[in-house]
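J.: Just so you know, the protein sequences line up as chains A and B, in that order.
Under our numbering, the residue at position 223 of the first sequence is numbered 223, and the numbers go up by one with no gaps.
To get our numbering, take the position in the second sequence, counting from 1, and add 1000.
The beta carbon of each residue, even a glycine, is placed where N, CA and C say it ideally should be.
Since this is a predicted model, take the numbers as computed values, not measurements.
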Amino acid sequence: MDNIIEIKDVSFRYSSEEESGDYVIKNLSLTIEKGSFTAVLGHNGSGKSTLAKLINGLIKPESGSVEVLGMSTSDEDKETEIRRNVGLVFQNPDNQLVATIVEEDVAFGPENLGMPPEEIRRRVDDALKRVDMYDYRSHAPHKLSGGQKQRVAIAGIIAMEPQCIVLDEPTAMLDPKGRDEVMDAIISLNKNSGITIVLITHFMDEAVRAGRVVVMDNGGIIMDDTPRKVFSNVSELKSIGLDVPQATELAFRMNGMGYEMPRDILTKEEFIKAFMEKYA
Amino acid sequence: MPLIETRDLSYVYSEGTPYEKRALDGVNISIEEGGITAVIGHTGSGKSTLMQQLNGLIKPTGGSIYFDGRDIWENPKEIRQLRFKVGLVFQYPEYQLFDETVRRDIAFGPKNMGLDEKEIARRVDFAAQMVSLDEKLLDKSPFELSGGEKRRAAIAGVIAMMPRVIILDEPTAGLDPRGRDEILSRLAEYKRMTDTTMVIVSHSMEDVAYMADSVLVMNKGGLLMHGSVSEVFSRAEELKSVGLSVPDVTKIFMGLKSAGVKISADIFTVDSGIEEIKRYMQSR
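#1: Residues in the same chain with beta-carbon distance under 6 Å from isoleucine 1106 of chain B, minus the five sequence neighbours each way, listed in chain order, please.
#2: Alpha carbon to alpha carbon, what distance is there between lysine 149 of chain A and aspartate 1248 of chain B?
#3: Is the distance from the Cβ of leucine 1184 of chain B to the Cβ of tyrosine 1210 of chain B below 8 Å?
#4: Based on Cα-Cα distance, which residue from A/Leu41, A/Ser36 and A/Lys8 lies nearest to alanine 207 of chain A?
#5: DSSP puts glutamate 63 of chain A in a beta bridge; with which residues?
#6: Using CA coordinates, which residue listed in A/Ile101, A/Ser74 and A/Gly70 is at the minimum distance from leucine 58 of chain A?
#7: Could you name the residues of the same chain whose beta carbon sits closer than 8 Å to that of serine 1132 of chain B, not counting the 5 residues immediately before and after it, in chain order?
#8: Contact criterion: CB-CB distance below 8 Å. Does lysine 268 of chain A meet it with respect to chain B?
#9: Could you give the uninterrupted runs of the beta strand (DSSP E) lying entirely in the region 75–101 of chain A, keeping only those of 3 residues or more?
#10: Lysine 1085 of chain B and phenylalanine 1067 of chain B look like a contact to me (Cβ under 8 Å); what is the Cβ gap, rounded to whole Å?
#11: Mind the definition here: the region 1031–1043 of chain B touches the region 1074–1083 of chain B only if three or more C-beta pairs lie below 8 Å; say whether that holds.
#12: At 4 residues or longer, what runs of the alpha helix (DSSP H) sit wholly inside the region 1206–1234 of chain B?
#13: Would you mind stating whether isoleucine 101 of chain A and valine 198 of chain A have Cβ atoms separated by less than 8 Å?
#14: Terminal residues of the continuous alpha helix (DSSP H) containing valine 1124 of chain B?
#15: Spatial neighbours of glutamate 6 of chain A within its chain, please: CB distance less than 6 Å, with the 5 preceding and 5 following residues excluded, ordered by chain position.
#16: Here's the rule I'm using: 16 or more other beta-carbon atoms within 10 Å means buried, otherwise exposed. How should arginine 1070 of chain B be labelled?
#17: Let me check understanding here. Comparing Cα to Cα, which of A/Asn95, A/Ile82 and A/Leu242 lies closest to arginine 1178 of chain B?
#18: In whole angstroms, what separates the C-alpha of lysine 26 of chain A from that of asparagine 85 of chain A?
#19: In whole angstroms, give me the CA-to-CA distance for aspartate 264 of chain A and valine 244 of chain A.
#20: Is the beta carbon of isoleucine 158 of chain A less than 8 Å from the beta carbon of alanine 127 of chain A?
#21: Give the DSSP-derived three-state secondary structure of isoleucine 1267 of chain B in the structure shown.
#22: Helix, strand or coil: how does DSSP classify leucine 1088 of chain B here?
#23: Taking only runs that begin and end inside the region 1139–1196 of chain B, name each unbroken beta strand (DSSP E) of 3 or more residues, in chain order.
#24: To the nearest angstrom, report how far apart proline 1060 of chain B and tyrosine 1011 of chain B are at their CA atoms.
#25: In the region 127–160 of chain A, which residues sit with their C-beta less than 7 Å from some C-beta in chain B, listed in chain order?
#26: Since threonine 38 of chain A and arginine 212 of chain A should fall inside the 8 Å C-beta cutoff, what is the C-beta to C-beta distance between them, to a whole number of angstroms?
#27: Find the residues of chain B that neighbour arginine 253 of chain A, judging by a C-beta separation of less than 8 Å, and give them in chain order.
#28: Could you say which of B/Ala1023, B/Gly1034 and B/Lys1118 lies nearest to methionine 1193 of chain B if we only look at CA atoms?
#29: Going straight from the alpha carbon of isoleucine 222 of chain A to that of leucine 1175 of chain B, what length do you get?
#30: Check the Cβ of arginine 1178 of chain B against every Cβ in chain A and list those closer than 7 Å, keeping chain order.
#31: For the region 206–247 of chain A, which segments carrying the beta strand (DSSP E) assignment without a break, of at least 3 residues, lie completely within its bounds, in sequence order?
#32: Between which two residues does the alpha helix (DSSP H) holding serine 1202 of chain B run?
#33: Can we say the region 1213–1228 of chain B touches the region 1260–1277 of chain B, given the rule of at least three CB pairs closer than 8 Å?
#34: Considering only C-alpha positions, which residue in the set B/Tyr1095, B/Ile1031 and B/Leu1088 is nearest to isoleucine 1166 of chain B?
#35: Consider the Cβ of isoleucine 200 of chain A: report whether some Cβ of chain B lies at a distance smaller than 8 Å.
#36: Against chain A, with Cβ distances strictly below 8 Å, would methionine 1281 of chain B count as a contact?
What follows is the structure, given as structure tokens:
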């Protein structure tokens, strides 16, 4: 498969800290395949959000290179095209919505690209349908729930028809139902529309749904594997301040007590099945 | 007598305008002194409006609120005093730090209470210690602190008033697991030391299970359930129907039980789950 993002040996410091400051990202290399779904975990300050901004060119590497679809983010001529192809969704939906009507908000991006009205119409309708918000197209964004607002923000990104979406803790401010809605929308975009997803999250149950989990610590990558493999490192994850799913932790602690359970359990269904087979 | 009680409490935003919105509708709750009450409900269920009413930040458009047996709006001039007794920590309180140093920020509440300098200094030290904020950070600008430290500084500002009740509106939202554990364990320790009544609004069922004695469930501006953690979480289907859930570990034990395993489903934390598994294994 083709790579959509290639990060090679990147280091980065925020300019105010330059020379004296610490590196937020240190010699980091990472490639993201087209059409994949990658979750990025790490505690606050591990460099996750900086990585997101490096990917869509909002900030440039101090050394090393970031390439999106073969274009370097350091090449200023490519800036617009990179941003069009890599959409960024942030934590707080309230800061991302600008218009007074949902469909106008979603149309904002395509309008700025100077597209003809009928193409804008098509993209807005299509984007809203894909996040299941079409019925709300003429509502006022501020009256929507958090999950609905965040899906409108995502629709605004999809309307640009990007190949990749990077989401920086998109569910952190949402209630359980809002979290489910947004996660379902993200997964559907990946599965049904083939959009590459990079999801930065603190929620382990969200990371479990990705195809690949990358764990960051101190500005570098310390684990990079399938969710099953990554979450089997319970002690290591806990030592860097991260969690594992509750099912994984229960099985891990049962093993510690001498009651054997598979070490790579991820979901409650898997736990129940294994428990029934051995101990029922 | 409950410490806080509401009777037919209602609140309508922008009453009489086209934007009129009924946020609370005839809510009757009672909160006992000394407990930790969790308040859950989806966004827009009326949780935050209710919390802002409890410390007199907004005035009910119908019904009344009693603190320690007295209607808090009986004499509106005294409402400021109530805010010293019922401290409110807002959502994302770190955005409300404003003073030159962390120390001055934490001292803001006690200063407003008219306490003398010595008492203020004592309380600032106590509050900072309570939230594990390093002494060295106190003379820094709040903007130099990390996200988790800022949040703890904001909580210290309310602790420094030594209120009888602390209301926290989603104290762990947006924090990473370590930041979350730090805040919750400090709050639990503070509760243990001072027996301050706490009301915690949360979207995290795991946090609720870890902290609370009783749970209020809000839905559509009304009170849907009020009971112990065990009573509320045993109604998993109803919770699901209003956009809430129970902790994953609870779902696991419910699943085992309904598959015929002789195990309790009254399990809300991983720790209690491990205890129950031990018990089960020994009884086999």
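T.: Based on what the coordinates show:
#1: Closer than 6 Å at Cβ, skipping near neighbours: Val1124, Ala1127, Ala1156, Gly1157 and Ala1160.
#2: About 26 Å.
#3: Result yes, Cβ atoms of leucine 1184 of chain B and tyrosine 1210 of chain B sit closer than 8 Å.
#4: Considering only alpha carbons, the answer is A/Leu41.
#5: Looking at the sequence itself, residue 63 of chain A is serine, so the reference to glutamate does not match. Answer is A/Ser11, bridged to serine 63 of chain A.
#6: Cα-wise, what sits closest to leucine 58 of chain A is A/Ser74.
#7: Correct list, in chain order: Arg1152, Glu1182 and Arg1186.
#8: Yes - at least one Cβ of chain B is within 8 Å of the one on lysine 268 of chain A.
#9: Runs of the beta strand (DSSP E) inside the region 75–101 of chain A: 86–89.
#10: Contact flag correct, Cβ pair sits at about 7 Å.
#11: No: the two stretches stay apart, fewer than three of their Cβ pairs being nearer than 8 Å.
#12: The region 1206–1234 of chain B contains these whole alpha helix (DSSP H) runs: 1229–1233.
#13: With respect to valine 198 of chain A, isoleucine 101 of chain A sits apart: the two C-beta atoms are not nearer than 8 Å.
#14: Element bounds for valine 1124 of chain B: 1117–1130.
#15: Result list for glutamate 6 of chain A: Thr31 and Glu67, in chain order.
#16: So arginine 1070 of chain B ends up on the exposed side.
#17: For arginine 1178 of chain B, the nearest C-alpha among the options comes from A/Leu242.
#18: In this structure, the CA atom of lysine 26 of chain A is about 25 Å from the CA atom of asparagine 85 of chain A.
#19: Aspartate 264 of chain A and valine 244 of chain A: Cα-Cα distance of roughly 11 Å.
#20: Against a cut-off of 8 Å, the Cβ pair of alanine 127 of chain A and isoleucine 158 of chain A comes out as a contact.
#21: Here isoleucine 1267 of chain B sits in coil by DSSP.
#22: Strand at leucine 1088 of chain B.
#23: Counting whole runs of 3 or more residues, the region 1139–1196 of chain B contains the beta strand (DSSP E) stretches 1165–1169.
#24: Near 5 Å, if we compare the C-alpha coordinates of tyrosine 1011 of chain B and proline 1060 of chain B.
#25: Along the region 127–160 of chain A, going in chain order, the ones with a CB nearer than 7 Å to a CB of chain B are Ser145 and Gly146.
#26: The C-beta separation of threonine 38 of chain A from arginine 212 of chain A comes to about 5 Å, placing the pair in contact by the 8 Å criterion.
#27: Within chain B, the C-beta atoms nearer than 8 Å to that of arginine 253 of chain A come from Val1270 and Ile1274, in chain order.
#28: The closest CA to that of methionine 1193 of chain B, considering only B/Ala1023, B/Gly1034 and B/Lys1118, is found on B/Gly1034.
#29: So the two alpha carbons sit approximately 21 Å from each other.
#30: Contact annotation for arginine 1178 of chain B against chain A: His43 and Gly241 [CB-CB distance below 7 Å, chain order].
#31: Correct list: 212–217 and 220–225.
#32: Unbroken run through serine 1202 of chain B: none, as it is neither H nor E.
#33: These segments do not touch.
#34: Comparing Cα positions, the closest option is B/Leu1088.
#35: Residue contact check for isoleucine 200 of chain A against chain B: no CB pair falls below 8 Å.
#36: So, interface residue.
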